[in-house]
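Worksheet: one structure, shown below.
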Amino acid sequence: MIRSALAVIMAVAALGISMYGAALAASDVQQESHDAFDLLTAVLEDAYLKCLLPDSLSEQLADLFIDELIAPDTGETREQTRRRLSLGVDTWEAPFDFLLITMEEAYSSEVLDDGLSETLSGWLVDNLIAPASGETGDQVRERLTDRLTAGPRRMSENYGTLASPVPFREMAITGNGLAITVVASNMDATEIVQGWSELNAPPEPGNRYVIARVRLQEGDSSRIQGFGLVGASGRIIRSDSPYTPCEWIPSEDSHDRWYDFFHLEAGETLEGVLCFQAPVGEESLSIFREVRRHWFPPAVMDFWAISADWAVSEPRPVPSPISDTHGTLRSPVPLSGSALAPNGMAVTVLSANLDAARDLEVLRERGYSYHGPSEGNKHVTVRVRIESVIEPDNVFRSHEARTEDFGVVTSSGRMVLASYYRLCSNAPEMLVHADLFEGGWIEATLCFAIPAEESRLTLYYKSSMGYMDMRLGFWDVSSGGASQTPREAPPAITDVYGMLSSPVPVGKSALASDGIAMTVLSAESTANIWQDSILAVRVRLEYFGGPGLRVLDTDSFGLVNSDGMITYGEPLSRCEYSYDPEAETFAGGWQEDDLCFRGTFDADDVVLFYLPEGTDRVLGFWEVSPEFSPRAVEGPRSISDAYGTLDSPVPAGEQAVTSSGVGITVTSALTHGILLGYNSSDTHTWVIVRTRVEGFGQDPNKVLEADEGDFGIMGVSGALNMKRVKSECFSWDDPLDARFFNGGWQDGELCFNVPVEETEGLGLYYKPEGATEPLGVWDIPESPQVTGISPISDTFGTIPSPVPFGQKALAAGGVSVSVLSVDADADEIVAGASYSNSPPESGYRYVIIRVRVENRTGYEGRSIEIGKEDFGVVTSSGRIIRGGTTNYFHQPLHCGVVPDELDASISND
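The sequence shown begins at 16 in our numbering and counts up by one.
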């Protein structure tokens, strides 16, 4: 190689001197095209990518171009020329990049013409590339000429993939027309990155910094998305992965503007530096690009090699799949063994620490947070490798790896979900969320808080195969797993045990017909982080059914009080700062969790019921307090030929039972001019009817349903000419949508758009699906009209015709708004409100608008939540600026702490 290098240098020197002399002698030298120069550039790049041009040779060739061509033309010394040309290349970029800059300088100065370019490229092809590649010189020239003629290639099934990435320094066009080139890289850039800024911390132990310059160009108004790094082995490295990026990149190289919502217009070009941490032993790295899919995880689209020595790795063997005898709770995958889950993800337990407090405490010394376990618990960490072996073929077969996908089961059967990072540590090795692609893998640490006495554990992984279809795989964590003695099922719910009139006592377990056994342990009235009043009911859930995971949405549970009012469960995150998405259990495992109910409850006055989705019966009732005493329900009057008809409707406020067992009461009504953006016209208005439905069927546990589609209104005194008007509440805040049973009721609102002159003499009718005629008619009481405030309309409260300053207007949902004052230059006020408030961004100013908002819904007890996020301003140019905080477009809109900031719950009184 040294001999070849010397030969090249001598040849270039000789040719350079002779051709330079000829160029000086010929005054009519012209450059009609870039063809010869482009071919020379392509030849040098081909030699570089084939590792035939080491850095030392590139430096010597650059010096020859300077000494023999550029410096004699400019009169500079070599050092002066190098200093001037070095301004166009970063110090971390390869000497080859500087060689190309010297060639460009010589060509643009017309001291490197087509003749010399052809001579140099021909010599390099015949004496350097062809002998190394096994091609003839003509074959090399034809290959490179074809590439130049064809232009950039488009991505395909065998180009720009993980197994065959776009070669280093080669431009490729993505599916949406964006042309991307990795133009330079540095595979060991730790000193460079730390030299940029003190903010750039040393890489994590065993890692080094890798940087690459990427050029984006052409395109058709393409959206630029995130980039990641992947090794040829499949190891995925993202900026939000355990391998954190640089904190600071020089501003001229920053790629911040690339992120999520930036569009590159056609013909525009951008360059920026990508920075990653990569394990020291991870070679043959490629950059990949992700495109966001609406509502779904990112899709990895394309791959680019970032070094000339990229080489594909040997394919890894596919592990054995989970089966009835492999990867079960009774027969877990052995420690360090790998198994393929049904969703195409392979999991390997690499190691486990059954008392990890000391190791986790070390994270604090590294600058990360660590929250110790609660009293009586200990922290266990499990290091796993997660690999996407098969690309999912539907959205349910997710290739995401999330904290909540993993749990452990102890020898007692207790199920413990992996702790979210806020409840353990935010160290980069902790798994939070990772999106994988076929052939890609990550390693991460899971953290569990388990009872201190537990020592035998089995890891489980939940793989989604469809809606509510979760498959399980189990891996040994403690050399023997959590061997268990099968437990006996508790007493089953019967017609006389676990009913509303005889609920299961507190502390006792009972088995529902779907295999779920539940025990109510305790109940606590408290407030969540939003200061909502809630009742948290602590339950133990266990499954005595078949294989697989039973996932129970929180609205599968409800409370019914002694008056019959039904309240369904809220998401568990409403109870506390919790990340448990739902309640879950499987055969052989049990879990304790809180069920959360929003509202003010007396624990002595409620019973918990279990009503899973897809069932038409309540499967059981459990006491929340032994003091509960159910009410005696007296059947109200039934609909008949003389009662509850068009001629004789049920009076307002009176309950009547239909033949389907539904008891209905019209409790109040309101005539309203506006309904959440659906303004009434000059001829029509909204009539809103509050209605209660209750069960009176023959089967006490039979579930009945009623929603606005079951109701309509008609004239009971000739109004509407007998035309029936169906309810259409759109996004009204409390539409009727009820599931109820004997002894329980729910209420809600029905919304009707009727002619202004026909708002009286109306009757509500009930006609459920399958009925040919209404099953009953109820009188709608005379409804008060919201008056005195003009509603927003097509001609009032619009951009061309805004509500005048100081005047009230009735907005969507019954909210009256008026502007009281405006401070159009409030920089000093905002700055003085808090030391943490920053000055506005350059070119911006702070504006404070004082408003008055009123609840005009007309219902007693109805509160409206309203805050700064509900408002915005529009400028005279049409620019929209939302209120509140910084939005997704990263515009500088956040005021910080503001005196008397709008954030209120407004009652009707």
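Ideal Cβ placement from N, Cα and C applies to all residues, glycine included.
8 Å Cβ cutoff met for F303 and G243: Closer than 8 Å, so yes.
Those residues which DSSP pairs with M533 across a bridge: DSSP links M533 through a beta bridge to A525, L556.
Helix, strand or coil at I252 [DSSP, three-state]: Here I252 sits in strand by DSSP.
For I81 and S132, the rounded distance between their alpha carbons: A direct Cα-to-Cα measurement between S132 and I81 gives close to 15 Å.
Three-pair Cβ contact test at 8 Å for the stretch 779-792 versus the stretch 747-756: The answer is no - the stretch 747-756 does not touch the stretch 779-792, with fewer than three Cβ pairs under 8 Å.
Neighbour-count burial assignment, I895, 16 or more Cβ in a 10 Å radius: With fewer than 16 Cβ atoms within 10 Å of its Cβ, I895 is classed as exposed.
Proximity to Y781 [Cα-Cα], best of S179, I728, E775, Q822: Of the candidates S179, I728, E775, Q822, I728 places its Cα closest to the Cα of Y781.
Residue range of the beta strand (DSSP E) that includes F612: Unbroken beta strand (DSSP E) run through F612: 605-613.
Pick from L623, Q606, E150, E720 that is closest to G428, judged by C-alpha positions: The shortest Cα separation from G428 among L623, Q606, E150, E720 belongs to Q606.
Beta-ladder partner(s) of P750, from DSSP: Beta-bridge pairing by DSSP links P750 to E764.
Spatial distance of D840 from S891 (CA atoms): Using only the alpha carbons, I get a separation of about 17 Å.
Contact the stretch 599-614 vs the stretch 555-562: 3+ CB pairs below 8 Å: A contact exists between the stretch 599-614 and the stretch 555-562.
Inter-residue Cα distance where the pair is T534 and V552: In this model, T534 and V552 are separated by some 10 Å (Cα to Cα).
Run of the alpha helix (DSSP H) containing I207, from where it starts to where it stops: Annotation: the continuous alpha helix (DSSP H) that includes I207 extends over 205-211.
C-alpha distance - G783 paired with D725, whole-angstrom precision: The sequence given here places Pro at residue 783; Gly does not occur at that position. Straight-line measurement puts the Cα of D725 at about 4 Å from the Cα of P783.
Close-in-space but distant-in-sequence residues of the same chain around D88 (CB under 7 Å, 5 per side omitted): Cβ neighbours of D88 within its own chain (closer than 7 Å, five residues either side excluded): S124, V126.
Reduced DSSP secondary structure (H/G/I, E/B, other) of Y781: Three-state result, Y781: strand.
Reduced DSSP category for W456 - H, G, I as helix; E, B as strand; rest coil: DSSP places W456 in strand when its eight states are reduced to three.
DSSP-derived helix/strand/coil call for A227: In this structure, DSSP gives A227 an extended state, which the three-state scheme calls strand.
Proximity to V519 [Cα-Cα], best of E390, R417, M580, G635: Among E390, R417, M580, G635, the Cα nearest to that of V519 is on G635.
As assigned by DSSP and simplified to three states, the class of T56: T56 falls in the helix class under three-state DSSP.
Residue(s) in a DSSP beta bridge with V566: Partner(s): E599.
Residues bridged to L487 [DSSP beta-bridge criterion]: Answer by DSSP bridge pairing, in chain order: K477.
Presumed contact (8 Å Cβ cut-off) between S833 and Q822, rounded CB distance: The C-beta separation of S833 from Q822 comes to about 6 Å, placing the pair in contact by the 8 Å criterion.
Where V665 falls, given that 16 or more other Cβ within 10 Å makes a residue buried: With a 10 Å radius around the Cβ and a threshold of 16 neighbouring Cβ atoms, V665 comes out buried.
Proximity to E463 [Cα-Cα], best of L567, E797, N368, G287: It should be noted that the sequence gives Phe, not Glu, for residue 463. Answer by Cα proximity: N368.
Beta carbon of A109 nearer than 8 Å to that of D70: It is a contact, given that the beta carbons lie within the stated cut-off.
Three-state secondary structure (DSSP) of P146: Under the three-state reduction of DSSP output, P146 falls in the helix class.
Proximal residues to V521 (C-beta, below 6 Å), its chain only, five neighbours per side dropped: V535, E638, P641, listed in sequence order.
Alpha carbon of V912 to alpha carbon of S853, nearest angstrom: Between V912 and S853, the C-alpha separation is close to 10 Å.
Where M729 sits in the DSSP three-state scheme: The answer is strand: DSSP assigns M729 an E or B state.
Cβ-based neighbour list, A565, same chain, cut-off 7 Å, excluding 5 preceding and 5 following: Per the sequence presented here, residue 565 reads as Arg, with Ala not at that position. Contacts found: I531, Y558, E599, T600, F601.
Per-residue DSSP class, three states only, for I844: DSSP places I844 within a helical segment (H, G or I) once states are collapsed to three.
Touch test, the stretch 500-520 against the stretch 417-425, Cβ-Cβ under 8 Å, three pairs minimum: Taking 8 Å as the limit for Cβ pairs, the verdict is that the stretch 417-425 does not touch the stretch 500-520.
Residues bridged to Q75 (per DSSP): None, per the DSSP bridge assignment.
Where the beta strand (DSSP E) through G246 begins and ends: Start and end: 242-246.
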